[in-house]
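**Student:** Taking the UniProt record's numbering, the leading residue of the sequence shown gets 1, the next gets one more, and so forth.
So that we are looking at the same thing, I have put the structure below in structure tokens.
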Amino acid sequence: METCPSAPFDHVKADVILRSADGVEFRVFKLFLSLASPFFETLFELPQAPERASDQEMKDGLAVIAMSEDSKTLDSFLRFCYPSTLAEDPSLENLTDVLSVLAAARKYSLDLIERKVCQALANPKVLETDPLRCFAIARNARLKHETITAARHTLRQPLIPAWFADIELITASDLLSLLTYHKQCGIAVRALTKDFKWITDHYRSQTGCNWLFGPYYDGSCYCGQTPDGKFYLWDTHPVTWWTTYMQEVSELLADRPSGDLVRKEAETTIQKVRSGNCAACSNRVKEVMTEFSDLFAQKIEEAVSPIELQMDF
Ligand SMILES: [Zn+2]
1 METCPSAPFD HVKADVILRS ADGVEFRVFK LFLSLASPFF ETLFELPQAP
51 ERASDQEMKD GLAVIAMSED SKTLDSFLRF CYPSTLAEDP SLENLTDVLS
101 VLAAARKYSL DLIERKVCQA LANPKVLETD PLRCFAIARN ARLKHETITA
151 ARHTLRQPLI PAWFADIELI TASDLLSLLT YHKQCGIAVR ALTKDFKWIT
201 DHYRSQTGCN WLFGPYYDGS CYCGQTPDGK FYLWDTHPVT WWTTYMQEVS
251 ELLADRPSGD LVRKEAETTI QKVRSGNCAA CSNRVKEVMT EFSDLFAQKI
301 EEAVSPIELQ MDF
């Protein structure tokens, strides 16, 4: 049986010994544990009554406290209690390991671990690139706010996800809740591509957005209009490239109902129009489509925000 802990839990000046369930003796400093956990603070503050002291197992002049956690869990757990100069903050790569100590952390009122897990899951870059994995970890750790935030970010991904890392951390009913949420968001967003009141309310009149009707208002625009009965504003057909953008985005939104999608697709449209041969549209497309896609994205956020993830925490 391995009974020697790794550094820094073998320090000769340590003032207490924690013995794991599998017999490893961690020589630690009371101060670090007391600062990290009210549980340990109280434990170490207990007066050492004479009769209690005689019961107390001692080794090398130090009290030995028997813990129910195994040495692997205890090792990770103690590293969190120690100052950050001795223990790194977790990245998503080692978050899964952290989950095993989260239960111990809660038992010993060690809020720090939970805070660090939350911090790692709140990283916007991580949420954007790995939302499903964040969802799985947050759900497994029963972190309500982080689970909901991650679920919102999964809307950037297709409704039916491909396999993702840490999928085994969630149950089939967790996944079903996520799929239902995603689908409901898609339905809520669909209204925006059927009824354009949000566009006419925003621009108020055709003159408020005459770029949309270039061929109509501007003799120098040669982009043409597409007579699509769905995309029709103030009884006029908008410019072809905008109609094409809306046709494509409407289809994609059902699968990925996120503001991010309409912004990204707008970027593609801007590139296309700029490389086309209409000087009038080429000059203004970036400004007008950035504004339009920001408005669209905002309306999407508004449409999905009342949709709740049905899940007990
Ligand atoms: Zn044009």
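Glycine included, each C-beta is placed from N, C-alpha and C at the ideal position.
These numbers come from a predicted model, not from an experiment.
Name, in chain order, the residues that DSSP records as bridge partners for Gln271.
**Tutor:** Answer is none; Gln271 lacks a bridge partner.
**Student:** Roughly how many whole angstroms lie between the Cα atoms of Lys230 and Lys194?
**Tutor:** About 7 Å.
**Student:** Could you check which residue in Lys299, Ala138 and Ser293 has the C-alpha nearest to that of Thr268?
**Tutor:** Minimum Cα distance to Thr268 is reached at Ser293.
**Student:** For Ala14, collect the residues of the same chain with a Cβ closer than 8 Å to its Cβ; drop the 5 residues on either side in sequence, then sort them by chain order.
**Tutor:** Excluding residues within five positions, the ones whose Cβ falls inside 8 Å are Arg27, Val28, Phe29 and Leu62.
**Student:** Using 8 Å as the Cβ pair cut-off and three pairs as the minimum, do the segment 183–193 and the segment 298–311 touch?
**Tutor:** These segments touch.
**Student:** Would you report the Cα separation of Met246 and Asn210, rounded to the nearest angstrom?
**Tutor:** Answer to the nearest angstrom: the Cα atoms are 17 Å apart.
**Student:** Just how far apart, CA to CA, sit Leu192 and Gly224?
**Tutor:** In a straight line, the C-alpha of Leu192 is about 24 Å away from that of Gly224.
**Student:** Use the C-beta contact count for Met58: other C-beta atoms within 10 angstroms, 16 or more gives buried, fewer gives exposed.
**Tutor:** By the neighbour-count rule (16 or more Cβ atoms within 10 Å), Met58 is not buried but exposed.
**Student:** Sorry if obvious, but does the Cβ on Val126 come closer than 7 Å to a heavy atom of ligand 1?
**Tutor:** The answer is no for Val126.
**Student:** Might you give, ordered along the chain, the residues of its own chain that have their beta carbon closer than 6 Å to the beta carbon of Ala150, omitting 5 neighbours on each side?
**Tutor:** So the qualifying residues of the chain are Pro131, Cys134, Phe135 and Ala138.
**Student:** Taking the DSSP output, what are the residues bridged to Met58?
**Tutor:** Beta-bridge pairing links Met58 to Ala63.
**Student:** Just reading off the beta strand (DSSP E) that Leu18 is part of, what are its end residues?
**Tutor:** Unbroken beta strand (DSSP E) run through Leu18: Val16 to Arg19.
**Student:** For ligand 1, is there any heavy atom lying closer than 7 Å to the beta carbon of Val239?
**Tutor:** It does: the Cβ of Val239 is within 7 Å (strictly closer) of some heavy atom of ligand 1.
**Student:** Count the other CB atoms within 10 Å of the CB of Lys116; is the residue buried (16 or more) or exposed (fewer)?
**Tutor:** When all chains shown are included, Lys116 counts as buried.
**Student:** If you count every other CB in all the chains shown that lies within 10 Å of the CB of Trp242, and 16 or more means buried, which is it?
**Tutor:** Label assigned to Trp242: buried.
**Student:** Within 7 Å: the Cβ of Ala280 and any heavy atom of ligand 1?
**Tutor:** Because some heavy atom of ligand 1 lies under 7 Å away, the Cβ of Ala280 counts as near it: yes.
**Student:** Less than 7 Å between C-beta atoms, sequence neighbours within five positions excluded: which residues of the same chain meet that for Gln157?
**Tutor:** Cβ neighbours of Gln157 beyond the five flanking positions: Pro131, Leu132 and Arg256.
**Student:** Please report the straight-line C-alpha distance between Gly214 and Arg284, rounded to a whole angstrom.
**Tutor:** If you take the alpha carbons of Gly214 and Arg284, they lie about 11 Å apart.
**Student:** Find the nearest neighbour of Ala66 within the set Leu18, Pro38, Trp198 and Thr42, judged by alpha-carbon distance.
**Tutor:** Considering only alpha carbons, the answer is Leu18.
**Student:** Just to confirm my understanding: we take Pro227, look at its own chain, exclude 5 residues before and 5 after, and list those with CB closer than 6 Å. What are they?
**Tutor:** The answer, listed in chain order, is His237.
**Student:** Report the residue from Leu78, Glu69 and Gln206 whose alpha carbon sits nearest the alpha carbon of Ala36.
**Tutor:** Closest by alpha carbon: Leu78.
**Student:** Is it true that the CB of Asn140 sits closer than 8 Å to the CB of Leu99?
**Tutor:** Cβ distance < 8 Å, so Leu99 and Asn140 count as in contact.
**Student:** Counting only runs of 4+ residues fully inside the segment 208–287, write out the alpha helix (DSSP H) ranges in chain order.
**Tutor:** 214–217, 240–255 and 259–274, all fully within the segment 208–287.
**Student:** Can you tell me where the alpha helix (DSSP H) holding Glu41 begins and where it ends?
**Tutor:** Residues Pro38 to Glu45.
**Student:** Using beta-carbon positions only, say whether Ala266 and Met289 come within less than 8 Å of one another.
**Tutor:** Yes, the Cβ-Cβ distance between Ala266 and Met289 is below 8 Å.
**Student:** Measure from the alpha carbon of Leu33 to the alpha carbon of each residue in Leu43, Leu112 and Cys81, then state which is nearest.
**Tutor:** That would be Cys81, whose Cα lies nearest to the Cα of Leu33.
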